[in-house]
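Colleague: Residue numbers (our numbering): 5 to 210. A virtual CB, placed ideally from N, CA and C, is assigned to each residue, including glycine. Before we start, here is the structure in question, set down as structure tokens.
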Amino acid sequence: MLNQIFPLEPELILQFCSCQHQTGSAKPLAAVTIFFGANDAARLEGTGKRQHVPVEEYKDNLRKMVQHIKSGSPNALVVLITPPPIDVEGRREYARSLYGDKASETPDRTNEATGVYAKQCVTLANELGLPSVDLWSKMQETDGWQKKFLSDGLHLTAEGNAVVFSEVVKIFDKAGFSDLPYDFPSHSDIDAEHPEKAFSQHCRAV
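In structure tokens:
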């Protein structure tokens with residue numbers, strides 16, 4: 005399954021980049037972010053129990069992902085991102101909006117349990133000498149993070165996604181990736197009537 009998610013074979017990598025597909029040459033991965041844990045931390049007692057993964061297995065899965073990526077691109081920068089914090093009351097409100105009086109009052113996730121997964125993610129990054137984004141801790145530094153960064157107690161708002169972007173870019177900039185070219189043209193350069201033109205021009209430029 006890992007090879008389907010993170011393909012290492014050149015012919016599979018080419019499918020994900022239009023410009024490399026046209027030139028017929030796949031380049032090694034430069035940087036990869038791994039962002040898991042929010043679903044793994046679902047409680048066995050809650051409605052999301054089918055998504056639960058024991059924390060040690062979660063950590064081991066992250067390790068296997070890193071090893072897999074490094075086996076194909078040894079010099080790739082791999083960044084581990086912790087799950088975001090959980091707003092339990094936000095999860096309850098969301099459940100009520102869907103199911104009314106039938107909504108379970110037992111939270112499907114808790115912030116404390118998710119924090120354990122976040123800690124293991126950061127610990128693994130340190131063990132492997134990788135940078136990490138402790139999203140769980142970072143977001144809770146802001147007053148009102150529950151509504152500001154989470155739309156339903158779990159999923160990120162636009163402002164929540166902006167935090168992820170900002171933290172990842174800091175790491176990329178520090179690693180010297182700020183000037184890397186885009187694989188695809190910016191959406192502002194794409195003509196809705198003739199989108200193929202922007203892709204052709206972009207690939208010729210790179």
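Check for me: the beta strand (DSSP E) holding residue 146 runs from which residue to which?
Modeller: Looking at the DSSP string, residue 146 is not in any beta strand (DSSP E), and its letter there is neither H nor E.
Colleague: Mind listing, in chain order, the continuous alpha helix (DSSP H) runs of no fewer than 4 residues lying wholly within the region 25-89?
Modeller: Fully enclosed alpha helix (DSSP H) runs of 4 or longer: 59-76.
Colleague: Using DSSP's beta-bridge definition, name the partner residues of residue 192.
Modeller: Paired residues: none, contrary to the question.
Colleague: How many Å lie between residue 22 and residue 187 at the Cα?
Modeller: Confidence at residue 22 is low in this model, with a pLDDT of 48, below 50, so the placement of that residue is unreliable and no value is reported for it.
Colleague: Using only alpha-carbon positions, find the residue among 145, 84 and 134 that is nearest to residue 122.
Modeller: If we check each option's Cα against that of residue 122, 84 comes out closest.
Colleague: With 16 other CB atoms within 10 Å as the buried threshold, where does residue 18 fall?
Modeller: With a pLDDT of 48 at residue 18, under the threshold of 50, the modelled position of that residue is not reliable, and the figure given next carries that caveat. Under this definition residue 18 is a buried residue.
Colleague: Just verifying my parser: in three-state terms, what is the DSSP assignment at residue 12?
Modeller: Correct three-state label for residue 12: coil.
Colleague: Touching or not, the region 79-95 and the region 125-139, by the rule of three or more beta carbon pairs under 8 Å?
Modeller: With the cut-off at 8 Å, the region 79-95 and the region 125-139 touch.
Colleague: Give the secondary structure of residue 101 by DSSP, where H, G and I count as helix, E and B as strand, and everything else as coil.
Modeller: The answer is helix: DSSP assigns residue 101 an H, G or I state.
Colleague: Tell me residue 137's beta-bridge partners as DSSP assigns them.
Modeller: Per DSSP, 85.
Colleague: Pull up the CB-CB distance for residue 161 and residue 155, whole angstroms please, since I reckon it's below 8 Å.
Modeller: The Cβ separation is near 5 Å, so the contact holds.
Colleague: Considering only C-alpha positions, which residue in the set 205, 203 and 45 is nearest to residue 86?
Modeller: Considering only alpha carbons, the answer is 45.
Colleague: If you draw a straight line from the C-alpha of residue 73 to the C-alpha of residue 104, how long is it?
Modeller: The straight-line gap from Cα to Cα measures roughly 44 Å.
Colleague: Relative to the alpha-carbon of residue 170, which residue among 137, 149 and 201 has its alpha-carbon at the smallest distance?
Modeller: Closest by alpha carbon: 137.
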